[in-house]
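A.B. asks: Respectively, the protein sequence lines represent chains F and W.
Residue numbering for the first sequence follows this note's numbering, beginning at 583 and increasing consecutively.
Residue numbering for the second sequence follows this note's numbering, beginning at 17 and increasing consecutively.
We treat Cβ as the ideally placed atom computed from N, Cα and C, and that holds for glycine.
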Amino acid sequence: MPDLLLELFSEEIPARMQAKAAEDLRRMVTDRLVAEGLVYEAARAFATPRRLALTVHGIPARQSDLKEERKGPRVGGPDAAVQGFLKATGLASLDDAKIQRDPKKGDFYIALIEKPGRATLDVLADILPMIIRTFPWPKQMRWGERSAKSSALTWVRPLHSIVATFGIETEDPEVVAFDIAGITTGQTTRGHRFLAPEAFDVRRFADYESKLLDAKVVLDAQRRRDIILADAKTLAQAQGFDLVEDQVLLDEVAGLVEWPVVLMGAFDESFLTIPGEVIRATIRNNQKCFVVSDPTTGGLTNKFILTANIEASDGGAAIIAGNERVIRARLSDAKFFYETDLKTKLEDRLPKFDKIIFHEKLGTQKERIARIERLAAEIAPLVGADVEKTKRAARLAKADLLTEVVGEFPELQGLMGKYYALAQGEDGSVAAASEEHYKPQGPADRVPTDPTSIAVALADKLDTLVGFWAIDEKPTGSKDPFALRRAALGVIRLVIENGLRIRLVNVISDAMALLSENPKIRSTDHAIEIPASLLAFFADRLKGQLREQGARHDLVDAVFAQTPAPNLRSDSLRTGEGEAAVAAPTQDDLLMIVRRVEALGKFLDTEDGKTLRAGVKRASNILAIEEKKDKRLYDGAPDAALFRLDEEKALAAAIARLQPEATAAVAKEDFAGAMTAMAKLRPAVDAFFDKVKVNDDDAAVRENRLKLLNEIRAATRAVADFSKIQD
Amino acid sequence: MDSLPPHMRPERSFQGLILTLQRFWADQGCVILQPYDMEVGAGTFHPATTLRALGPKPWKAAYVQPSRRPKDGRYGENPNRLQHYYQFQVILKPSPPDLQDLYLRSLGAIGVDTALHDVRFVEDDWESPTLGAWGLGWECWCDGMEVSQFTYFQQVAGVECAPVAGELTYGLERLAMYVQGVDRVYDLNFNGREGAEKVTYGDVFLQAEQEYSRHNFEHSDADMLFKQFAMAENACKKYLDAGWRGDKREAHLMALPAYDQCIKASHVFNLLDARGVISVTERQSYIGRVRDLAKACGEAWLKTEAGGAGAASPSPLGQGEAVRGKTT
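1) Of all the CB atoms in chain F, is at least one closer than 8 Å to the CB of W/Glu-130?
2) Do we get a CB-CB distance below 8 Å when we pair W/Arg-39 with the residues of chain F?
3) Determine, for F/Asp-833, whether the minimum Cβ-Cβ distance to residues of chain W falls below 8 Å.
4) Relative to chain F, which residues along the segment 199-223 of chain W have a C-beta separation below 9 Å, given in chain order?
5) Name the one or two DSSP bridge partners that W/Leu-241 has.
6) If we ignore side chains and look at the alpha-carbon of each, how far apart do F/Leu-1117 and W/Gly-71 end up?
7) Do W/Gln-99 and W/Arg-85 come within 8 Å of each other at the CB atom, strictly closer than that value?
8) With DSSP as the reference, label W/Gly-324 as helix, strand or coil.
9) Would you decide whether W/Met-240 is buried or exposed? Buried here means 16 or more other CB atoms lie within 10 Å of its CB.
10) Starting from the beta carbon of W/Trp-154, find every residue of chain F whose beta carbon is closer than 7 Å, and list them in chain order.
11) For F/Ala-1165, collect the residues of the same chain with a Cβ closer than 8 Å to its Cβ; drop the 5 residues on either side in sequence, then sort them by chain order.
12) Taking only runs that begin and end inside the segment 243-287 of chain W, name each unbroken alpha helix (DSSP H) of 4 or more residues, in chain order.
13) Residue range of the beta strand (DSSP E) that F/Asn-1286 falls in?
14) Which chain F residues sit within Cβ distance under 8 Å of W/Tyr-79?
15) Assuming F/Gly-999 and F/Leu-928 make a contact with CB atoms under 8 Å, what is their CB distance in whole Å?
16) Taking the Cβ atom as the reference point for each residue, do W/Leu-204 and W/Thr-185 lie within a distance shorter than 8 Å?
17) In angstroms, rounded to a whole number, what distance separates the CA positions of F/Val-705 and F/Trp-719?
18) Quick check on DSSP: helix, strand or coil for F/Ile-881?
19) Could you list which residues in chain W have their beta carbon closer than 8 Å to that of F/Val-908, in chain order?
20) In the DSSP output, which residue or residues are listed as bridge partners for W/His-100?
21) Name the two residues that bound the continuous alpha helix (DSSP H) containing W/Gln-196.
22) Mind listing, in chain order, the continuous alpha helix (DSSP H) runs of no fewer than 4 residues lying wholly within the segment 704-776 of chain F?
23) What do you get for F/Asn-867, buried or exposed, if any count of 16 or more other CB atoms within 10 angstroms of its CB means buried?
24) Please classify F/Asn-1292: is it buried, with 16 or more other beta-carbons within 10 angstroms of its beta-carbon, or exposed?
25) Less than 8 Å between the beta carbons of F/Glu-1251 and F/Arg-1299, yes or no?
26) What are the boundary residues of the beta strand (DSSP E) that includes F/Ala-1065?
27) What residues are listed by DSSP as bridge partners for W/Asn-205?
28) Residues in the segment 772-788 of chain F with C-beta within 7 Å of chain W's C-beta atoms, listed in sequence order?
29) Measuring CB to CB, does F/Ile-856 end up less than 8 Å from F/Val-874?
30) In terms of residue numbering, what span does the beta strand (DSSP E) encompassing F/Asp-783 cover?
31) With distance defined between alpha-carbon atoms, name the residue in W/Lys-254, W/Gln-171 and W/Pro-95 nearest to W/Arg-190.
32) Based on DSSP bridge pairs, tell me the residues matched to F/Ala-624.
33) Measuring CB atoms only, is the segment 138-153 of chain W touching the segment 28-43 of chain W, in the sense that at least three cross pairs come out at less than 8 Å?
34) Run down chain W in chain order and give the residues with a C-beta less than 8 Å from the C-beta of F/Glu-727.
35) Taking just the CA atoms, how far does F/Pro-584 sit from F/Ile-709?
36) Quick one: what's got a C-beta closer than 8 Å to F/Lys-937's C-beta in the same chain, skipping five residues either side?
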């Protein structure tokens, strides 16, 4: 079966857009083919800086013919219906229609429509221009004379030529003929811009790819990446060094060249006094070059690796010299910035934060840093951190935002703060907090373990969350401009991975109190709902987090449903540990939630767990049905005098014995112990359901039995709401 | 190039580089303009680019533009950064299909051999918030150094470019440092002579960099500048209002003088910014005010002859008014 070759040849496509563009092209063309009834065997797409290419293998040469019967009006029906039928089906007159006999409803007309399949070549000539016109580039432009009209084609950069061929392997293919934006499709393309600029003809993918290679174009980005990585490693290792691998940079560099030529340059060793991260950021961000490390010291060497796009006539000497000069100038700047920064103490930078707005409704950075410092001091004792160190760390943690190096390389925020703090003789934990309080930034990021860093990190994130909640800028749908989901997940991981016991409600109310001291910050009228709403947000993130780690979401729900939602009375929030909060613990102790989910999961894996769950669920279901039917709750204590059967008595006795045991275990946070206690209920529950008919004819007995069922439910709720657990 | 005397060769002489580029683009049919006689932040501000990029009429021009970036002053101590430097600007409307080739040939003309040097087009989307302008294009790299910006204008002064113009901006000092093999801008050979006759870039500009850095950062009269900004802003609006012919706004007679005031406001803003007297929040509002002027000027320009007005829809009523205008 025939193959399609498509190449869209343009001026340089931004590196970051190439991979997605290739995939979009493949998807759009193949989807369209399938929609046209043309099922293909395989498709691959490619991108270089100057071309998008697609090969689709094994497309039928024609669409199959389509036969369709269409039902028309009844014989003798109104003329309007008949005319409409003829028009819709394209029949000349009713003589061309068939009559279908139907003795019940009456005879009616049938049109037999035969739609012959079209040649794939023609179908392609229709769909390809449409795909080009609607191609989803993230940014596109108009160009040239045609751009005077608003109907001009837009593309990522000016499009110059299109190869579109279709045919079987053994014959010369045909050109899929169409015109777009003044370009007529053909078979001609070009090689490397400098090394092989001449035009040449191609027929199909196999000769296209190999002729391009002869013309110094490596079509496949993966192959370009492989070449760059292998050559870069070889160059580094030849001198006894290691390449500092960088996947993102590798992807980008592979999108900047059609013919990768890897070269090594050097810079003056005196620049190695600058922190390695600054050297790397300078060389990577500005020059798109790799840095090289010395395995004996673990630090960087004064070498860098560049990827040129040409095989230069002098073997690359001029290219290396040119790049070395630029890197020297860049590193001079970086060194100057770094040394300038070292001259100012971090605390001396703080007054400037008074002029910097954090968010127009949340005041200045200076105010925010002051809040974080006080909140971190409140958190410090809860996480075992030294209060004074924590305050110092919080005060300095953001000071590096005003340094020259961070101004130049924002991604080095925090890290530079650490360097500068150490340089001015700060305590190690205080310095580390500058870098670590931003962590964890994502699921792959490390969670700090130093108590000082933990306290500042929690304060930073909770101030952010409470602040944006206060001004009603919560994330909605996919929109989360202030990365609040990430902040909440950060809090969760900080607490759980460090095994911290923190009542979030208390910390949230502390943060709210600090925020409300600032008269300029006007929170919305719903301040009272903030803690509950934030806790629900944490709960959602925690559920997601546990699910991602493989916990069953129903177990998470069961644990969350086990206790009531946080009490919303403002007085209990203000005082933190109000009476109501003690009586009905809210789900704000993240670590305990996780422990319960773990214990519950283990318990349910045992035979006792499974059977007990089935029993509890049965009890809950019966109760739910009867309570609904009777429109009342059966929540009182059962009357021992009304027990008729031994199994009832045994169950009541078992519950009476085990409930305190389970409750005591839960109070000690021994969830496994609580589960073990609960497991002892199982024989009594099994026996009860085996022998006892709940809906007894005697209403009093029935009511008493339902109350006994409720006791089962209540007893197990100490650990989780078993009715939420799925089979 | 072989016929050039040694002191005119682009790899030996800063002025030789400029003259070579001018000749190259003159050969492509450009009018070679002289710098605009006002302080601007970039060659793009020259009305030959900003305003001529608008409207349907073809336009090809090239010129050197001294550009002032008050904030970039370094008291003459930084080897690369200057508060006053030269851009070589080329504008071609509509953008020709072989613009990249023309650009590469111009590099060849000044001695950049693409068999020896790694020339690359690296994504760089251009945007000027003060001009209400954006375009797509690249930074052009030569062996890792950005030597030019290459932009297909999509919008200028808030107006869609139809047709699109191609803009090339060469950073002349950088390019000269590259072809002369010099690491410090002040060491550039300006006139291509040697020995006692040699004049360097430092001889010409070092003192100016020192003096203007002092001025820009420490002594510029902020009170006066704030007033000047307001005056330029008001004058621009006044000239724009006065320039409309008739009530229907079908033709404008003073787009260029109004635009001068927009340029002035922009430069005064840059001076105030360098002086550190504009807060972060105010900054946005100043940029917005200049942009509003630029947009209004662009709108007026489209109603002038060079902006293409009248070509598409000649208005007899308008002509009558013009005659009346002359008699009064």
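C.D. replies: Based on what the coordinates show:
1) Looking at the sequence provided, one finds Thr at residue 130 of chain W rather than Glu. For W/Thr-130, a Cβ of chain F is located within less than 8 Å of the residue's own Cβ.
2) Taking 8 Å as the CB threshold, W/Arg-39 stays off the interface with chain F.
3) In terms of beta-carbon proximity, F/Asp-833 stays away from the interface with chain W, with every pair separated by 8 Å or more.
4) Residues Asp-199.
5) None, per the DSSP bridge assignment.
6) As the crow flies, the alpha-carbon of F/Leu-1117 is around 58 Å from that of W/Gly-71.
7) In this structure, W/Gln-99 lies closer than 8 Å to W/Arg-85 by Cβ.
8) DSSP places W/Gly-324 in coil when its eight states are reduced to three.
9) Classification for W/Met-240: exposed.
10) In chain order: Glu-594.
11) Residue placement at F/Ala-1165 cannot be trusted, given a pLDDT of 31 that sits under 50; what the coordinates show is reported in the next sentence. Within the same chain, F/Ala-1165 has no close Cβ partners at all.
12) Qualifying alpha helix (DSSP H) stretches: none in this window.
13) Taken as a continuous stretch (DSSP letters only), F/Asn-1286 belongs to no beta strand (DSSP E), being part of the alpha helix (DSSP H) at 1281-1299.
14) Chain F residues near W/Tyr-79: none, gap ~23 Å exceeds 8 Å.
15) About 7 Å separates the Cβ atoms of F/Gly-999 and F/Leu-928, confirming a contact at the 8 Å cut-off.
16) Contact: no.
17) Computed Cα separation, rounded: 24 Å.
18) The sequence given here places Gly at residue 881 of chain F; Ile does not occur at that position. Secondary structure of F/Gly-881 (DSSP, three-state): coil.
19) Neighbours of F/Val-908 on chain W, chain order: Asp-159, Gly-160 and Met-161.
20) Partner residues in the beta bridge of W/His-100, as assigned by DSSP, are W/Arg-84.
21) Counting along the chain, the alpha helix (DSSP H) containing W/Gln-196 begins and ends at 188-196.
22) As far as the segment 704-776 of chain F is concerned, it has no whole alpha helix (DSSP H) run of at least 4 residues.
23) That one is exposed.
24) Residue environment for F/Asn-1292: buried (at least 16 other C-beta atoms within 10 angstroms of its C-beta).
25) Contact flag unset, no.
26) Neither: F/Ala-1065 is in no beta strand (DSSP E) and is coded neither H nor E.
27) Paired residue(s): W/Thr-216.
28) Considering only beta carbons, the part of the segment 772-788 of chain F lying closer than 7 Å to chain W consists of Phe-776, in chain order.
29) No, they are not a contact pair.
30) Where F/Asp-783 is concerned, the enclosing beta strand (DSSP E) stretches over 781-783.
31) If we check each option's Cα against that of W/Arg-190, W/Pro-95 comes out closest.
32) Beta-bridge pairing links F/Ala-624 to F/His-639.
33) With a cut-off of 8 Å, the segment 28-43 of chain W and the segment 138-153 of chain W do not count as touching, because too few Cβ pairs lie within range.
34) Ordered by position in chain W, the residues that pass the 8 Å Cβ test against F/Glu-727 are Pro-110 and Pro-179.
35) One C-alpha to the other measures close to 17 Å.
36) Excluding sequence neighbours, F/Lys-937 sits near Thr-946.
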